[in-house]
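To keep things clear, I will list the structure first and then write my remarks on it.
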Amino acid sequence: MTSPTTTVGRIPVGRLTPASLEPELRPKAFEGEVVPFRATVFREGHDAVGAMLHLVAPSGATTEHRMHLMGQGLDRWEADALLDEVGEWRWRVTGFGDEFETWVHDAGIKVPAGIDVELMLEIGARLLYRASLQMIRPKAARRRLAASARLLRNRAKPVDVRAAVIDDAALHAEFHVRPYASLTTTSPEHVIRVERRAAGVGSWYEFFPRSEGAHRYKNGRWRSGNFRTAQKRLAEVAAMGFDVVYLPPIHPIGRAFRKGPNNTLDAGPDDPGSPWAIGAPEGGHDAIHPDLGRLRDFRAFVRRANELGLEIAMDFALQASPDHPWVTAHPEWFTTLPDGTIAYAENPPKKYQDIYPINFDNDPEGIRQEALRVLRHWIAQGVRIFRVDNPHTKPLAFWEWIIGEVNAEHPDVVFLAEAFTRPAMMRSLAAVGFQQSYSYFTWRNTKEELEEFLTSVSQETADYMRPNLFVNTPDILTEYLQFGGPAAFTVRASIAATAAPLWGVYSGFELFESVARPGAEEAIDNEKYEYKPRDFARAEDEGRSLGLYLGILNRIRAGHPALGQLRNIRFHATEDPAILAYSKHVDGSFTRDGEPDTIIVVANVDPHSVRETTVHLDVTALGLPEGSRFTVDELVSGETWEWGASNYVRLDAFTMPVHILHVRGAIDA
């Protein structure tokens, strides 16, 4: 009689993570990320179980990591692993009966109580003898195991001497690395894709090349900036420590229904129009606006950025102005209304008369191939990062296909999803391939909002979605920045730069630009519709710039590996509802120099007040024993203090609204 087929192993192993939204979609990590691998492992009765993570790197190197219980009674096991190689990692989890821990538990209770003493010692002796025969163990360990087995059986020795084997630290260490396992059950193999570090770590800076070097003559006419004049800005951006320069669309701009200043419908002859109204007789998505220069000027711009340690991120906006060559060559790519006109873009109450959205259902294959051709063109010019405009208005299947096609040819290409939309769509875009995502960070300002948001992006969605915490965009100037003064800008930059490995700034943020267009959540005299040259040097000289502080933030990020991780943020209690406190810690086993790194951030999120409070730290989250006293260095002011579990803090929104502290070490260690 055949036994019935079962789906559950002898030692059940389930609920494995990392995992994506759907089983067929692979989770992801970035090079150098410390990833928590988890599984639920248990068995019937009271015997001990254990769990082991098996990892296979893209190179084929195999490692094993003993997993630990995340909490008593939860049956949830975890092991952190540093994924330091780009490519597909394969992994599985083995659950097993842990015979040594079972014996230690039972003998540790019975022997001191005088219950079944010789029986428990004999069980231990037989276990250790069998283990000493296992050739996977080093010779010294096998000798020690055999000697311990003999000692347990040596009735000439006092019981307490023999029973000391139960607590032998060397034996415990040996069985932790190489457990004596029985009834093993191994999970199916899983895959996690590790992408290059820039997919998960970076400081972004956005500016419009046409504004850099733009000049207004006395007669009111404008001369546009170009790639040659914009090159001068690159050195300043690099000096602030940014890694990526993001450019809005650089293509020809249509004239039909061109928008004027502040999104008006009456553009003058010299108004440059919105760069997102792509396409004109000069060309479409594979062309460069004549005012910015030629293709060779763009390539020179990219080369100069690379020389300065910067990457260029290019906007990829799948839409067209009424003047785009696609409109006449492929009218089927758009939606024609009953009156014969082509539908323009709308997001009520907003109207974009200068933009035609693509209809992906009329000729999906033709659109796919053209979009892929455009991407390949710019990749050939040295672009490896694309910020995708409004991906949530295009089909998910399209993005899964085209990102898959591009990454199959160029695994180093990174796509950022600019999708301020519903959670399901935002998360799904990340799951189907986008390496980075805009997020709701811009609108999360209170302590409660920030704790909830940052917990979500670091714990709930971190297996597949990486948030890029932009503090502002050409479209977004929040009320917090409009009315919070310089303190609001300092606080937002500090949190964005330290809470996640990816953050971004749109030019003008460092100048505290805070005046909004009436009735809109965007800056007045918006750069989307006009030239906006800025005198950064003068603002710096006059003390009206946050540029130096942004540079300090990026230097802190570069110097502290804890800030290069997404999943390690931990929140700490404060007695003031406006004081946010969190830490980021990374163990020395995951750093290049072998030293642990811990950062504590305490921020006054009320930009209008002076706040005093006590910060209550869970020092174990800092990698220190409970009760530790330790030294912290304030990385902005240079001050040094002694801290412990409870610490008085005073944060003046007008002078120092944020502390960024480096934990140097325990005083009483």
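FYI, the numbering for the sequence shown is 88 to 756, going by this note's numbering.
Every residue, glycine too, gets a C-beta built ideally from N, C-alpha and C.
Just so it is clear, the structure is predicted and the values come from calculations on it, not from any experiment.
| Check | Outcome |
| --- | --- |
| Ends of the beta strand (DSSP E) at Glu699? | 697-703 |
| Determine the direct distance from the alpha carbon of Asn350 to that of Leu156, and round the result to whole angstroms. | 57 Å |
| Which of the three DSSP states, helix, strand or coil, is assigned to Gln546? | helix |
| By a C-beta neighbour count over all protein chains shown, 10 Å radius and 16 as the cutoff for buried, is Asn691 buried or exposed? | buried |
| Pull up the distance between the alpha-carbon of Glu538 and that of Ile340, whole angstroms please. | 42 Å |
| Give the straight-line distance between the Cα atoms of Ile223 and Arg229, rounded to the nearest whole angstrom. | 9 Å |
| Quick check: Ala504 and Pro478, are their CB atoms within less than 8 Å of each other? | yes |
| Is the beta carbon of Leu704 sitting closer than 8 Å to the one on Asn734? | yes |
| Classify Gln159 as buried or exposed, calling it buried when 16 or more other Cβ atoms lie within 10 Å of its own Cβ. | exposed |
| For the beta strand (DSSP E) containing Trp728, name the first residue and the last one. | 727-730 |
| Hey, Phe447 and Phe485: beta-carbon distance below 8 Å or not? | yes |
| With burial defined as no fewer than 16 other Cβ atoms inside 10 Å of the residue's Cβ, what is the status of Thr93: buried or exposed? | exposed |
| In whole angstroms, what is the alpha-carbon distance linking Leu459 and Glu419? | 18 Å |
| From the DSSP output, read off the bridge partner residues of Lys438. | Glu433 |
| Pull the bridge partners of Ala690 from the DSSP assignment, please. | Leu667, Val745 |
| Among Ser361, Thr742, Pro335, which one has its Cα closest to the Cα of Gly762? | The displayed coordinates of the chain run from 88 to 756. Any statement about residue 762 would go beyond what the structure contains. |
| Could you give the DSSP three-state label for Val673: helix, strand or coil? | strand |
| Rounded to the nearest angstrom, what separates Val706 and Asp247 at their Cα positions? | 37 Å |
| Using a 10 Å radius around the Cβ and a threshold of 16 neighbouring Cβ atoms, would you call His746 buried or exposed? | buried |
| Residues in its own chain within less than 7 Å of Ala212 by CB, not counting five upstream and five downstream? | Ala236, Leu239, Arg240 |
| Pick out whichever of Ala343, Gly366, Trp363 has its Cα sitting closest to the Cα of Gly355. | Ala343 |
| The beta strand (DSSP E) spanning Ile445 covers which residue range? | Unbroken run through Ile445: none, as it is neither H nor E. |
| So Asn734 is in the beta strand (DSSP E); what residue range does that whole segment cover? | 733-739 |
| Which stretch, first to last residue, makes up the alpha helix (DSSP H) that contains Met513? | 510-518 |
| Around the Cβ of His263, are there at least 16 other Cβ atoms within 10 angstroms (buried) or fewer (exposed)? | exposed |
| Does the beta-carbon of Ser676 have 16 or more other beta-carbons within 10 angstroms, so that it is buried, or is it exposed? | exposed |
| How about Phe206 and Ala166: do their beta carbons lie closer than 8 Å? | As written in the sequence, residue 206 is Leu, which differs from the Phe given in the question. No. Outside cutoff. |
| Note the first and the last residue of the continuous alpha helix (DSSP H) segment covering Pro451. | 451-467 |
| Taking the alpha carbon of Ile565 as the reference point, which residue from Arg579, Asn555, Pro554 has its own alpha carbon closest? | For the record, residue 565 in the displayed sequence is Thr; it is not Ile. Minimum Cα distance to Thr565 is reached at Arg579. |
| Ser581 lies in the alpha helix (DSSP H); which residues open and close that run? | 566-586 |
| Please indicate yes or no: does the CB of Pro573 lie closer than 7 Å to some heavy atom of the ligand NAP? | Questions concerning the ligand NAP fall outside what the structure shown contains, since it holds no ligand whatsoever. |
| Please classify Ala668: is it buried, with 16 or more other beta-carbons within 10 angstroms of its beta-carbon, or exposed? | buried |
| Under a Cβ-count criterion, where at least 16 other Cβ atoms within 10 Å of its own Cβ denotes burial, should Glu151 be classed as buried or exposed? | exposed |
| Can you tell me which of the three DSSP states Glu120 falls into? | strand |
| What are the boundary residues of the beta strand (DSSP E) that includes Phe129? | Run containing Phe129: none; DSSP gives neither H nor E here. |
| Tell me the DSSP secondary structure of Thr415 in three-state form. | helix |
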